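Written out below as structure tokens is the structure these notes cover.
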């Protein structure tokens, strides 16, 4: 089975079992792509790349058109899936900050590779 490019190697240590069939590989890719499904998830992730720490209100300003409810929902899903870390500070008013987990940050070169791949089609 074909592997991802070796540059995509900063993901956290874990056991990788190579898919044995094309169907198994496709199912795994679909599962992973499912983590990124949602109108705003990629926009949120791109706001956090580079080690940025972003507060909820900063997301609201940076992403016009997203409602508070949708932003909270998308952030909760990204947190549940292990891509985003949420930190709540015991202050008045409460301060909540979001940042990528190491696994979430390791997605950056993968998405960069997709952007570069897509650009080759545009120039062909």
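Residue numbers (full-length UniProt numbering): 1 to 124.
All residues carry an ideal CB built from backbone N, CA and C; glycine is no exception.
Just so we're clear, the structure is a prediction, and the values are computed from it rather than from any experiment.
| Asked | Found |
| --- | --- |
| Could you check what DSSP says for residue 61 in three-state terms: helix, strand or coil? | helix |
| So, for residue 49: in the same chain, excluding its five sequence neighbours on each side, which residues have a beta-carbon less than 6 Å away from its beta-carbon? | 108 |
| Can we say the segment 76-88 touches the segment 58-65, given the rule of at least three CB pairs closer than 8 Å? | no |
| Taking three-plus beta-carbon pairs below 8 Å as touching, is the segment 94-110 in contact with the segment 38-54? | yes |
| Tell me the rounded alpha-carbon separation between residue 27 and residue 19. | 9 Å |
| Output needed for residue 85: all residues of its chain with C-beta closer than 6 Å, excluding positions within five of it in sequence on either side, in chain order. | 99 and 101 |
| In its own chain, which residues sit with a C-beta less than 6 Å from the C-beta of residue 43, not counting the 5 before and 5 after it? | 63 |
| Counting C-beta neighbours from all protein chains within 10 Å, is the total for residue 45 16 or more, i.e. buried, or is it exposed? | buried |
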